[in-house]
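**Q** Numbering (my numbering), first residue to last: -1 to 108. Sharing a structure here in structure tokens format.
Okay, structure coming up:
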């Protein structure tokens, strides 16, 4: 078989909105499923840590910083029941409360 098992959705931005933010993850994942791709890699928890910026020499990636705690936690909760979990930011880079919440949410996957 030469087809991939998992299909990855494009990078999501580290923000709340439905225009490429957290609110776009579940609708995009469901759309992929309807189109015949049941095993979808949603974007990494916390969104993409970089933003594409146009420069004189072409496009360049610029770091945007860590997402706010609430956004990160909600992203963990959303991804907990999706086919795969990936992190763009480590929970311990946010704070201890985020680590504990992340641990509890991911135990639901076990």
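Even for Gly, the Cβ is constructed at its ideal location relative to N, Cα and C. This structure is a prediction, so every number in the text was calculated from the model and none was measured.
Looking at the structure shown, is residue 106 part of a helix, part of a strand, or coil, going by DSSP?
**A** Along the chain shown, read from residue 1 onward, the residue named residue 106 stands at position 108. Correct three-state label for residue 106: coil.
**Q** Roughly how far, in whole angstroms, is the beta-carbon of residue 72 from the beta-carbon of residue 106, given that I think they are within contact range, below 8 angstroms?
**A** Your numbering for residue 72 matches position 74 in the chain shown. Your numbering for residue 106 matches position 108 in the chain shown. For a cut-off of 8 angstroms, the C-beta gap from residue 72 to residue 106 is around 15 angstroms, too long to register as a contact.
**Q** Hey, quick one: how far does the alpha helix (DSSP H) through residue 68 stretch, first residue to last?
**A** The residue you call residue 68 lines up with position 70 of the chain shown. Per DSSP, residue 68 belongs to the alpha helix (DSSP H) from 67 to 77.
**Q** Looking at residue 78: is its Cβ nearer than 7 angstroms to the Cβ of residue 97?
**A** For the purposes of this step, residue 78 is taken as the residue at position 80 of the chain shown. For the purposes of this step, residue 97 is taken as the residue at position 99 of the chain shown. Cβ atoms of residue 78 and residue 97: not closer than 7 angstroms.
**Q** What's the call for residue 100, buried or exposed, on a 16-neighbour Cβ count within 10 Å?
**A** Residue numbering aside, residue 100 sits at position 102 when the chain shown is read from its first letter. The residue in question, residue 100, is buried, as its Cβ has 16 or more Cβ neighbours within 10 Å.
**Q** Spatial neighbours of residue 23 within its chain, please: CB distance less than 7 angstroms, with the 5 preceding and 5 following residues excluded, ordered by chain position.
**A** For the purposes of this step, residue 23 is taken as residue 25 along the chain shown, with counting starting at 1. Close CB contacts of residue 23 within its chain, under the 7 angstroms cut and outside five residues either way in sequence, are with 10, 40, 41, 76 (chain order).
**Q** In the DSSP assignment, what are the bridge partners of residue 6?
**A** Stepping through the chain shown from its first residue, residue 6 is reached at position 8. Looking at the DSSP assignment, residue 6 forms a beta bridge with 39.
**Q** Out of 1, 0, 28, which one is the CA nearest neighbour of residue 81?
**A** Residue numbering aside, residue 81 sits at position 83 when the chain shown is read from its first letter. Looking at the Cα atoms, 28 is the closest of the given residues.
**Q** Within this structure, are the beta carbons of residue 44 and residue 4 separated by less than 7 angstroms?
**A** As a position in the chain shown, residue 44 is number 46, starting the count at 1. As a position in the chain shown, residue 4 is number 6, starting the count at 1. It is not a contact, given that the beta carbons lie outside the stated cut-off.
**Q** According to DSSP, is residue 94 part of a helix, a strand, or is it coil?
**A** Numbered from 1 along the chain shown, position 96 holds the residue referred to as residue 94. Helix at residue 94.
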